[in-house]
Structure formats: C-alpha cells, structure tokens
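Per the working numbering, the sequence shown runs over residues 818 to 931. Shown next, in structure tokens, is the structure this report addresses.
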Amino acid sequence: MAAIPATQAAARGRPKAPLAAFDGLWCGTGLLHEFSLQLSQQQQDVQGTLVRRERRRELEGRVEGGTLHTQATRHGSLVLQRAGDELRVTGGDGLLAMARGATFQRASGAACTG
C-alpha cells in the first residue's frame, strides 16, 4: 500500500467550501444600473457577457466558494462576491476595478429594466 503525502491526506479530511451558484442574469444597480451580466456556470468554470447599451464584453472566470474571479481582459478583471441575490464587486484591476463596491442583483425576469 502506497503512502499518501501529508498534504493530500489533510486535504481529503477537509471538506471543500460549497460553490455558490452564479448562473443566470444579473442586473447592475446604482452606478452599474446600465449594465447587465449574463453568466453560465459549469462546476467552478464560469463564462459570461457583461453588457452596457450596445457594448458587450465576454468574461471567463473561476468560482472559489462564494467568490468569482474573472480572467483579465483588455478592460481588466473583476472579483465578485455572492451574498444571497446580490453580487458585490470586491476587487479587480483595470477599468472594471473602478466598480469596486457596486452590486448586481439577480434579475426577477428575463431582462434587466434599468
């Protein structure tokens, strides 16, 4: 029987943090009221589209617990924290980081009305 390294053994005994669900349509509030965020999630991997008026920015990211980290694009990256029906911008870089503190709310219908 092969020995298991201590780090693997410790990881096996530690439960993983449950993944938050980011799937769906999210509508910007406050300063982000003109934005919508459509996300599609497969386990930890997320793909989405950030839309403002006629401009669309494709996003890809990874979920860790209740946090979504998007990959950097020429416009920057975002860190979104899920809390109930709200996504809060908690970090990022580039132009998108200027939205820190702003929120998206889960859409109640098929479209955002902002």
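By construction, the Cβ of each residue, glycine as well, lies at the ideal position given by its N, Cα and C atoms. These numbers were taken from a predicted model, which means no experiment stands behind them.
- prompt: Which whole-angstrom value describes the C-beta separation of Thr866 and Arg874, a residue pair presumed to lie in contact below a C-beta threshold of 8 Å?
  reply: Stepping through the sequence shown from its first residue, residue 866 is reached at position 49. Stepping through the sequence shown from its first residue, residue 874 is reached at position 57. Yes, Thr866 and Arg874 are in contact; Cβ-Cβ is about 7 Å, under 8 Å.
Assigned secondary structure, Gly911 (DSSP; H/G/I helix, E/B strand, else coil): Looking up residue 911 in the sequence shown gives position 94. In the structure shown, Gly911 sits in a helix (DSSP, three-state: H, G or I).
query: In angstroms, rounded to a whole number, what distance separates the CA positions of Thr846 and Pro835?
result: Here residue 846 refers to the residue found at position 29 of the sequence shown. Here residue 835 refers to the residue found at position 18 of the sequence shown. Rounded to the nearest whole angstrom, the C-alpha separation of Thr846 and Pro835 is 27 Å.
message: For Thr907, count the other beta carbons within 10 Å of its own beta carbon; 16 or more makes it buried, fewer makes it exposed. Which is it?
response: As a working mapping, residue 907 is identified with position 90 in the sequence shown. Thr907 is exposed by the Cβ-count criterion.
message: Could you give the first and the last residue of the continuous beta strand (DSSP E) run that contains Gln855?
response: Here residue 855 refers to the residue found at position 38 when the sequence shown is read from its first residue. 852–859 is the span of the beta strand (DSSP E), which, as asked, contains Gln855.
- prompt: Is the beta carbon of Gln864 less than 8 Å from the beta carbon of Glu877?
  reply: Taking the sequence shown and counting its residues from 1, one reaches residue 864 at position 47. Taking the sequence shown and counting its residues from 1, one reaches residue 877 at position 60. For the 8 Å CB-CB criterion, Gln864 and Glu877 form a contact.
query: Do Thr887 and Glu903 come within 8 Å of each other at the CB atom, strictly closer than that value?
result: One-based indexing of the sequence shown puts residue 903 at position 86. One-based indexing of the sequence shown puts residue 887 at position 70. It is not a contact, given that the beta carbons lie outside the stated cut-off.
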